[in-house]
Structure formats: C-alpha cells, structure tokens
Ligand SMILES: [Zn+2]
C-alpha cells in the first residue's frame, strides 16, 4: 500500500479529457470545459504510467 505516498500534497490532482476533441489536460483547479474547444470534459483517474 503505497498509493498515497507519492504525491502528498496533491492527492487528487485533476486530470481531464475532452469529450469533443480528446484533448487531455491536467489542472489543479476543477475543470468543467475544454480550454481548446469548450466542450464537456470528463475527469480521469490519476494515471499510473
Ligand atoms: Zn476539446
């Protein structure tokens, strides 16, 4: 169990993917619309790759 020890101050950094243009963006703020095309974005889990 080491999944919360890597990034102690950003336990849930927002990582978003646009439904329109598939642009991906990491943001520390909550993102509700794509900064490229303005479409809806969905929140992705923090990727581990
Ligand atoms: Zn977009």
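In full-length UniProt numbering, the protein residues as written are 1 to 49.
All residues carry an ideal CB built from backbone N, CA and C; glycine is no exception.
Distance from the CA of residue 18 to the CA of residue 28, rounded to the nearest whole angstrom, comes to 16 Å. Counting along the chain, residue 31 sits inside no beta strand (DSSP E), nor does DSSP assign it H or E at all. Residue side-chain check: residue 20 places its Cβ nearer than 8 Å to a non-hydrogen atom of ligand 1. Linking residue 22 to residue 42 through their CA atoms gives a straight-line distance of about 10 Å.
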